Amino acid sequence: MAKLARILRVLGLGVIGVSVVGTLIGIAQGCIQLQSSDLSAGDEARIRGRTAAEALYDVGIGVVIGGGLLVASVVVKRRAKE
Numbered sequence: 024m025a026k027l028a029r030i031l032r033v034l035g036l037g038v039i040g041v042s043v044v045g046t047l048i049g050i051a052q053g054c055i056q057l058q059s060s061d062l063s064a065g066d067e068a069r070i071r072g073r074t075a076a077e078a079l080y081d082v083g084i085g086v087v088i089g090g091g092l093l094v095a096s097v098v099v100k101r102r103a104k105e
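Here it is as structure tokens:
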């Protein structure tokens, strides 16, 4: 049981880490798209909005899945001690 708790903890932290990396990549891609000089104000706003939404989705999904795995690791670890 302790080994399962450790695996769940590592997976949870890994998922959260991957979501943060995905967020950074999404923001970087948005910045690259904004460097084009022939964008209208509406296009800029659309790109910024899409980039912000993608970043929030990445972090949110990572926290929900990773957080669930971390909670599961705590539950498994406590049950192993009983």
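Residues in the sequence shown are numbered from 24 upward in steps of one, following this note's numbering.
Ideal placement from N, C-alpha and C gives every residue a C-beta, glycine not left out.
It should be emphasised that the depicted structure is a prediction, and the values quoted were computed from it without experimental measurement.
Coil, strand or helix - residue 77 by DSSP: helix
Using only alpha-carbon positions, find the residue among 89, 85, 101 and 49 that is nearest to residue 70. 49
Report the rounded CA-to-CA distance for residue 62 versus residue 68, giving the unit in angstroms. 10 angstroms
Other residues of its chain near residue 25: CB distance less than 6 angstroms, five sequence neighbours each side excluded: 103
Which class does residue 34 belong to by DSSP, given the choice of helix, strand or coil? helix
If we ignore side chains and look at the alpha-carbon of each, how far apart do residue 100 and residue 38 end up? 20 angstroms
Determine whether the beta carbon atoms of residue 53 and residue 89 lie at a separation below 8 angstroms. Taking 8 angstroms as the Cβ cut-off, residue 53 and residue 89 do not qualify as a contacting pair.
For residue 66 and residue 78, I'd like the C-alpha separation in whole angstroms. 18 angstroms
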